[in-house]
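**Q** According to the working numbering, the residues represented by the sequence shown are 1 to 82, in order.
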Amino acid sequence: MDNILFFRNDGSKLSKQLLSLVRGNENSNNYESTHIRVEVKDNTIKVETLCYSGGDSWYNDNGTEVLKSELPYFTAKKLGIV
1 MDNILFFRND GSKLSKQLLS LVRGNENSNN YESTHIRVEV KDNTIKVETL CYSGGDSWYN
61 DNGTEVLKSE LPYFTAKKLG IV
């Protein structure tokens, strides 16, 4: 069963590590209104950003799948993987 988690891009260590996993992060709109969606699957996680503004929301089309074994330990621990 997949779990879906949402995080606000608040500049914390966790949000920075999650953003570093997102494909094309250097070109993404990673502002304070940006949130991070993490889908935890059996062997991978899918990380992508989305934006909320004025009651509207949209995904930034940058979803990236990462093997759980490739996650930084801190990130895996915060996501409850280890």
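In this text, a Cβ means the ideal position worked out from N, Cα and C, and glycines have one as well.
Excluding sequence positions up to five away, which residues of its chain have a Cβ less than 8 angstroms from the Cβ of residue 38?
**A** Working through the sequence shown from its first residue, we reach residue 38 at position 38. These residues qualify, in order along the chain: 4, 5, 6, 7, 18, 45, 46, 47, 79.
**Q** Within 10 angstroms of the Cβ of residue 21, are there 16 or more other Cβ atoms? Answer buried if so, exposed if not.
**A** In the sequence shown, counting from the first residue as 1, residue 21 sits at position 21. So residue 21 counts as buried.
**Q** If I measure Cβ to Cβ from residue 23 and keep anything under 6 angstroms in the same chain, skipping five residues before and after, which residues do I get?
**A** Stepping through the sequence shown from its first residue, residue 23 is reached at position 23. For residue 23, where only same-chain residues beyond five positions count, the Cβ hits under 6 angstroms are 62, 64.
**Q** In terms of residue numbering, what span does the beta strand (DSSP E) encompassing residue 46 cover?
**A** Translated into positions along the sequence shown, residue 46 becomes position 46. From DSSP, the beta strand (DSSP E) with residue 46 extends over 44–53.
**Q** Under 6 angstroms Cβ to Cβ from residue 14, same chain only, skipping five residues before and after it: list those, please.
**A** By 1-based counting over the sequence shown, the position of residue 14 is 14. Same-chain partners within the cutoff: 78.
**Q** Give me the residue from 49, 42, 51 with the minimum Cα distance to residue 69.
**A** The count along the sequence shown starts at 1 and reaches residue 69 at position 69. Comparing Cα-Cα distances from residue 69 to each of 49, 42, 51, the minimum goes to 42.
**Q** From 50, 75, 12, 56, pick the residue whose C-alpha is nearest to that of residue 66; which is it?
**A** Your numbering for residue 66 matches position 66 in the sequence shown. Of the candidates 50, 75, 12, 56, the one whose C-alpha sits nearest the C-alpha of residue 66 is 75.
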